[in-house]
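J.: Mind looking over this structure? Questions follow.
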Amino acid sequence: MQFFSGSEISPSPPAPTASGNNAHMMYVFNRNGICLLYREWNRPLRTLSDHQDHKLMFGLLFSLKSLTAKMDPTSLKFHLFCLDLITSYSEVNGSTINCGPDLKMIMTFLAVFCSNYFIINMPSHHSMDKGNLGVPQLPGQGCSFHSFRTNTYKLSFMETPSGIKIILVTNPRTGDLREPLKYIYNLYVEHVVKNPLYTPGTPIK
Amino acid sequence: MAAIYSLFIINKSGGLIFYKDYGSAGRMDTNDSLRVASLWHSMHAISQQLSPTLGCSGIELLEADTFDLHCFQSLTGTKFFVVCEPGTPHMESLLKVIYELYTDYVLKNPFYEMEMPIRCELFDSNLSQAIQKDRVALLGR
Numbered sequence: 005m006q007f008f009s010g011s012e013i014s015p016s017p018p019a020p021t022a023s024g025n026n027a028h029m030m031y032v033f034n035r036n037g038i039c040l041l042y043r044e045w046n047r048p049l050r051t052l053s054d055h056q057d058h059k060l061m062f063g064l065l066f067s068l069k070s071l072t073a074k075m076d077p078t079s080l081k082f083h084l085f086c087l088d089l090i091t092s093y094s095e096v097n098g099s100t101i102n103c104g105p106d107l108k109m110i111m112t113f114l115a116v117f118c119s120n121y122f123i124i125n126m127p128s129h130h131s132m133d134k135g136n137l138g139v140p141q142l143p144g145q146g147c148s149f150h151s152f153r154t155n156t157y158k159l160s161f162m163e164t165p166s167g168i169k170i171i172l173v174t175n176p177r178t179g180d181l182r183e184p185l186k187y188i189y190n191l192y193v194e195h196v197v198k199n200p201l202y203t204p205g206t207p208i209k
Numbered sequence: 013m014a015a016i017y018s019l020f021i022i023n024k025s026g027g028l029i030f031y032k033d034y035g036s037a038g039r040m041d042t043n044d045s046l047r048v049a050s051l052w053h054s055m056h057a058i059s060q061q062l063s064p065t066l067g068c069s070g071i072e073l074l075e076a077d078t079f080d081l082h083c084f085q086s087l088t089g090t091k092f093f094v095v096c097e098p099g100t101p102h103m104e105s106l107l108k109v110i111y112e113l114y115t116d117y118v119l120k121n122p123f124y125e126m127e128m129p130i131r132c133e134l135f136d137s138n139l140s141q142a143i144q145k146d147r148v149a150l151l152g153r
């Protein structure tokens, strides 16, 4: 991973690790799902086109966030999961013109699965005191995950209160990447947000 | 103060066949647990698609602020996942122990139909024993 040595930016840049090849890819999304930045350093396998890949990544993170908020064992849970999941998936689906067959299949599979259970369990007024499962939550509300690991990669995720999501895909042995993600966010704020020529919501050039 | 919050077992089509809650503050009702299980099944599959290299077998560990989720997928596609406190050690070996109990007390049960919800007393009792042993070992009580 390459980091600038900016002295006025806090927190300080992390010490470079010994081996050079740590990161595979990096994504930055805004709250509407637009991919502002995509960098790849090492990606031998590419299953989908870039556009579909971004949408799939955003969709996966969105639903994982809802899932973790729902599964949080230390707080009150919420119902009405599926309705918002379906509507948000249909927004993501409908917002593009070309949607590949794989992505459509996955999205419709999810929507159908969830809608089946939603129809079976119409929320009664009693369940409203438990709240809504899967209502698009404000960034930072509810328990959110910060990383997941598979046998071939580790994905680290950070969401800011403004809805900016930073994702780093690295090798599975990577440690906790929350500090480097904060550092990247600071870089984003310094160099992108404060740039007078940058329009928010467009990809970063 | 339980180290493990809950355990889910999903069959290969994503349907929930076993759910046990070990004392989390927000217990889920049946429908919610079904939804969560099928959602996890799909997330597991999508994460395989996003892998930068070949040979990905899905999410093994999900770390959140207040809990960790460990998942074990057998060769047949049955997924066992456990929600526990962040940083609980030895969850992978516990999942393998649970898998062994599953094969011994559920699959060898002649009255058990494949892919159906698990209703085997021996499995329940041995599972509680295994979790208790694990809890005692972890907390030293």
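Residue numbers (the numbering used here), protein chains in the order written: chain A, 5 to 209; chain B, 13 to 153.
Where a beta carbon is used, it is the ideal one built from N, C-alpha and C, also for glycine.
Indicate the three-state DSSP secondary structure (helix, strand or coil) for residue 187(A) in the structure shown.
T.: helix
J.: Of the residues 177(A), 34(A), 26(A), 55(A), which one's Cα is nearest the Cα of residue 163(A)?
T.: 34(A)
J.: Mind pulling the chain B residues with CB within less than 9 Å of residue 47(A)?
T.: Correct list: 64, 65.
J.: Measure from the C-beta of residue 72(B) to each C-beta in chain A and report whether the shortest distance is under 8 Å.
T.: yes
J.: Along the chain, where does the beta strand (DSSP E) containing residue 24(B) start, and where does it finish?
T.: Careful: residue 24(B) lies outside any beta strand (DSSP E) and carries neither H nor E.
J.: Using a C-beta cutoff of 8 Å, does residue 153(A) count as contacting chain B?
T.: yes
J.: Along chain B, in chain order, which residues have C-beta atoms closer than 7 Å to that of residue 149(A)?
T.: Result: 74, 75, 76.
J.: I'd like the list of long-range same chain contacts for residue 23(B), defined as Cβ closer than 7 Å, with 5 residues on each side in sequence excluded.
T.: 29, 90, 127
J.: Express the C-alpha separation of residue 150(A) and residue 61(A) in angstroms, rounding to a whole number.
T.: 15 Å
J.: Examine chain A for any beta-carbon lying closer than 8 Å to the beta-carbon of residue 31(B), and answer yes or no.
T.: It does not; no Cβ of chain A falls within 8 Å.
J.: Are the segment 96-113 of chain B and the segment 138-152 of chain B touching, with three or more C-beta to C-beta distances below 8 Å?
T.: yes
J.: Do residue 152(A) and residue 73(B) count as a contact pair if the criterion is CB distance below 8 Å?
T.: With respect to the 8 Å criterion, residue 73(B) and residue 152(A) are classified as neighbours on the basis of their beta carbons.
J.: Going by C-alpha distance, which of 60(B), 130(B), 57(B) is nearest residue 32(B)?
T.: Of the candidates 60(B), 130(B), 57(B), the one whose C-alpha sits nearest the C-alpha of residue 32(B) is 130(B).
J.: Could you tell me the distance, in whole angstroms, from the CA atom of residue 75(B) to the CA atom of residue 175(A)?
T.: Using only the alpha carbons, I get a separation of about 16 Å.
J.: Based on the DSSP secondary-structure assignment, which residues constitute the bridge partners of residue 62(A)?
T.: Answer is none; residue 62(A) lacks a bridge partner.
J.: Within 10 Å of its beta-carbon, does residue 159(A) have 16 or more other beta-carbons around it, so buried, or fewer, so exposed?
T.: buried
J.: Against chain B, does residue 227(A) count as a neighbour if the rule is that its beta carbon must be under 8 Å from one of theirs?
T.: Summary: the structure shown does not reach residue 227(A), with chain A confined to residues 5 through 209, and so no result is reported for it.
J.: Taking the C-alpha atoms as reference points, what is the distance between residue 98(B) and residue 76(A)?
T.: 12 Å
J.: Using the beta-carbon count (16 or more within 10 Å), is residue 59(A) buried or exposed?
T.: buried
J.: If contact is defined by three or more beta carbon pairs under 8 Å, each pair taking one atom from either stretch, is the segment 188-204 of chain A in contact with the segment 54-68 of chain B?
T.: no
J.: Assuming residue 39(A) and residue 77(B) make a contact with CB atoms under 8 Å, what is their CB distance in whole Å?
T.: Not a contact, Cβ separation roughly 25 Å.
J.: Using a Cβ-Cβ cut-off of less than 8 Å, list which residues of the segment 47-59 of chain B approach chain A; keep chain order.
T.: 47, 48, 50, 51, 52, 54, 55, 57, 58, 59
J.: Give me the Cα-Cα distance between residue 51(B) and residue 16(B), rounded to the nearest whole angstrom.
T.: 21 Å
J.: Do residue 70(B) and residue 85(B) have their beta-carbon atoms positioned less than 8 Å apart in this structure?
T.: Yes; because the gap between Cβ atoms is below 8 Å, this pair is in contact.
J.: To the nearest whole angstrom, what separates the beta carbons of residue 65(A) and residue 170(A), a pair I think is in contact under 8 Å?
T.: For a cut-off of 8 Å, the C-beta gap from residue 65(A) to residue 170(A) is around 11 Å, too long to register as a contact.
J.: Please classify residue 208(A): is it buried, with 16 or more other beta-carbons within 10 angstroms of its beta-carbon, or exposed?
T.: Classification for residue 208(A): exposed.
J.: Under 7 Å between beta-carbons, which chain A residues line up against residue 140(B)? List them in chain order, please.
T.: Going along chain A, no residue has its Cβ under 7 Å from residue 140(B), so there is no contact; the nearest lies around 19 Å.
J.: If you draw a straight line from the C-alpha of residue 41(A) to the C-alpha of residue 203(A), how long is it?
T.: Annotation: residue 41(A) to residue 203(A) spans about 14 Å, alpha carbon to alpha carbon.
J.: Output, in sequence order along the chain, the residues in the segment 92-105 of chain B whose CB is closer than 7 Å to any CB in chain A.
T.: 95
J.: Could you tell me if residue 198(A) is buried or exposed, where buried requires 16 or more neighbouring beta carbons within 10 angstroms of its beta carbon?
T.: exposed
J.: Using alpha carbons as the reference points, say which of 105(B), 119(B), 27(B) lies closest to residue 94(B).
T.: When only C-alpha atoms are compared, the closest one is 105(B).
J.: Counting only beta-carbon atoms, is residue 76(A) nearer than 8 Å to chain B?
T.: Answer yes: the Cβ-Cβ gap between residue 76(A) and chain B drops below 8 Å somewhere.
J.: Should residue 123(B) go down as buried or exposed, given a rule of 16 or more other Cβ atoms within 10 Å for buried?
T.: exposed
J.: Any C-beta of chain B sitting closer than 8 Å to the C-beta of residue 61(A)?
T.: yes
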